[in-house]
Structure formats: structure tokens, C-alpha cells
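Single-structure report; data block below.
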Amino acid sequence: MHAHLLTRYGPDGLEPGSVPERAPAPGEVAIRLDAIAVNPLDWKISHGWLAQMIPLALPAVIGSEGAGTVLSVGADVTDFAVGDRVAGFFDSGAFAEIAVTRATRLVRIPAGLSISQAAALPTAAETATRILGLLQPEAASTVVVNGAAGAVGSMVTQLLARDGHTVIGTAGAENHDYVRSLGASPIGYGPNLVSDLRRLAVAGIDAGYDTTGHGFIDRVADLVDARRIVTIADFAAGAGGAIVAGGDPTRLSITRAVRDVFDLAASGEIHVEIAATYPFEALNEALGFSEQGHLRGKVIVAGHDRKPADIGLA
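Using UniProt numbering, read the sequence shown as starting at 1 and increasing by one per residue.
Right under this line is the structure:
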């Protein structure tokens, strides 16, 4: 089957090639991928920055998230059947025509959600619901989300606003209208960040959610107790009391909370933003675009032999 192989570490290390198809083992499902999501984890792996944490025998197929159609199921799989539309996390590498993963890492795509939206959701939904579970604000709290326009940040922002909290979200100026549409008051990352927070949160800030790092926790130290901030980006902040939510990418699974987010997105109560789309053959370019950062939503790559119009990206 067609696949992109990581043949060497670096910005152009992914090359088109082929690998044998693998039949699903007991508890596994094989999926023909129609849409593949690009995550920061992918370009960090491709650069070799995580070689000690995630050792690979090159050439290797990487990629961890996508959506498509079930081709076959292994023994003991009862939740999915051939032909089901599914999305989730992939064990065998998602930068390929077909990928195999455990059934526990998949969710059936509800009606009303496009394949591209479904591909963009698993990591954002899992991370957002997990960090909100680690730090649940009291009713009608005032909270700040650092990186509110990103894939995870926008999900956190919408879930908090939906629960009735007053949300302040940091974002680049070009994304302020977008953050406002998510239910938050936008502020910039620049020198006025602290003064803007003081102006908008006169009674104080009850909790913070840091999705991008860049010294945010230190900058707001006088406004938010570090013990009331959860971060997925500033691992050193744990020494100062912040809640660090790293998450092992090989252990992510579909929870009830993630399924609920899929249902909210399908009903239109949660918006899923696509930052950019690329054809399958332009995967290196897609990773490079993702690496620029400060994106609005998720970068999506069409599956092999799929066109943008086929997956709801036209």
C-alpha cells in the first residue's frame, strides 16, 4: 500500500513509498484513511527531536490521527464493522493509505460531521477534556486560555464558555474575531497581556489553561496561582506548582467525554476549524506549515487518491 516513509530525520525526511498491509490482530481494526491530521508531535518526530522518547527503526511510517472507513476487524471486535466511518488514534502510522489500530482508540463518526472535521477532533477533544478534568473551575469562574485559537485551545475555550464561564483567550491579532466567535474575550500575546488581563478580570482569574507555553505561566504569576494552571506545553512549570498534563501519545484512547465532543461537533454546538489542507503527496509541506505555529485549528492531509471535495474540504 502507499505510504510516506520517514527515511531520515529532518524537514524533508518523509518520502513516498510503499509498505505491506497488515491484517488486524484480535482487538484491532484496519481503516482506509480518507483524511489525516498533522500534529506538532509529527514534525517533532520527523526532526528527530523525540528520538530518545520514541525510538524508531528507519524507514518508518509515522502519523497518529485520522479518519476513514473500516476495511476489516480483528477477532473480539464488536463495536465496529466493515464500512463504518471512524476516527481516532493510530498505532501503525497514519501517514499511509491504510492504518491499523486498537478498537479502543476509535470513535464512530456521527452523522453531520465531515471526514475532515472528524480527523481534526480526536487529539483536540481528548486533550481538552483531559485537562479540564484535571482542573475543573467552580461555577461561573473567570478563566484564561493561552493559545485560544489553536486546535486544543479552541476546544478548551468552547467547552468552558458552554459551561457558563467567563473566558479570556490569548491569540494573535489576526485571530481575535475568531476567538470572540468561540465565546471568549481575546487579548494579544504582547507586552499588554498582563494589563489586558487585569482590565478584563477585575475580580481576578480563577484558573488558567496553557496550550502553547512561551513563558505564559511566569508572566501571569501575579494574577493566577500556578497551582490553578494546567499546561500541556511548559513541562518545567511543574516545579513551580503548575499541573502538567503531558500524555503518552501511544496511550491515548477514546473516552466517553471524547464521544460527547464528537456529538457536540456534529450538532453544531462545537466548531471544528481546519487551518489548511494538503494533498497526500504534499505531506512534508503540511508538516512545515504546522511547524510555523499560531495556527487556527488543525492541518489536514487528504488520504491517498482522495480529493479535498471528497472529504468535505472544498
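Idealized CB from N, CA, C, for every residue including glycine.
* **N- and C-terminal bounds of the beta strand (DSSP E) containing residue 2** => 2 to 6
* Asked: Counting Cβ pairs closer than 8 Å, one from the stretch 128 to 140 and one from the stretch 100 to 109, do we hit at least three?
  -> no
* So what's residue 185 in DSSP terms, helix, strand or just coil? -> strand
* Asked: Alpha carbon to alpha carbon, what distance is there between residue 306 and residue 314?
  -> Reliability fails at residue 314, whose pLDDT of 43 lies under 50, so the model's placement of it is uncertain and the value that follows must be treated cautiously. The alpha-carbon atoms of residue 314 and residue 306 are separated by roughly 12 Å.
* Asked: How would you call residue 231, buried or exposed, if buried means at least 16 neighbouring beta carbons within 10 angstroms?
  -> buried
* Endpoints, the beta strand (DSSP E) within which residue 34 is located -> 28 to 38
* With 16 other CB atoms within 10 Å as the buried threshold, where does residue 192 fall? -> exposed
* Apply the 10 Å Cβ neighbour rule to residue 76 and answer buried if 16 or more other Cβ atoms are within range, or exposed otherwise. => exposed
* **For residue 270, the three-state DSSP class (helix, strand or coil)** => coil
* Apart from the five residues just before and just after residue 48, which ones in its own chain have a Cβ nearer than 7 Å to its Cβ? -> 9
* Span of the alpha helix (DSSP H), counted from its first residue to its last, around residue 291 -> 283 to 291
* To do: Tell me, to the nearest whole angstrom, how far the beta carbon of residue 6 is from that of residue 56; I am working on the premise that it is less than 8 Å.
  => 7 Å
* Could you have a look at residue 316 and say whether DSSP puts it in helix, strand or coil? => With the chain covering only 1 through 314, there is no way to say anything about residue 316.
* Asked: Does the beta-carbon distance from residue 244 to residue 219 come in below 8 Å?
  -> no
* On the three-pair Cβ rule with 8 Å, is the stretch 147 to 162 touching the stretch 295 to 306? -> yes
* To do: Note down the Cα distance separating residue 226 from residue 270, rounded to an integer number of angstroms.
  => 29 Å
* Determine, using beta-carbon pairs with one atom in the stretch 114 to 126 and one in the stretch 18 to 28, whether at least three such pairs fall under 8 Å. => no
* **residue 314 in three-state terms, based on DSSP** => Confidence is the limiting factor: at residue 314 the pLDDT is only 43, short of 50, which leaves the residue's position unreliable, though a coordinate-based value still follows. Three-state DSSP puts residue 314 in coil, outside helix and strand.
* Start-to-end residues for the alpha helix (DSSP H) that takes in residue 126 -> 122 to 134
* DSSP three-state assignment for residue 9, whether helix, strand or coil -> coil
* For residue 34 versus residue 115, is the C-beta distance shorter than 8 Å? -> yes
* Starting from residue 195, follow the alpha helix (DSSP H) in both directions and report where the run begins and ends. => 193 to 200
* Asked: Between the beta-carbon of residue 239 and the beta-carbon of residue 229, is there less than 8 Å?
  -> no
* Would you mind listing the beta strand (DSSP E) stretches within the stretch 136 to 190 that are 3+ residues and don't spill past its ends, in chain order? => 142 to 146, 166 to 170 and 184 to 187
* Asked: Of all the options 86, 212 and 79, which has the alpha carbon lying nearest to the alpha carbon of residue 145?
  -> 212
* **Contact check, residue 95 vs residue 86, beta carbons under 8 Å** => no
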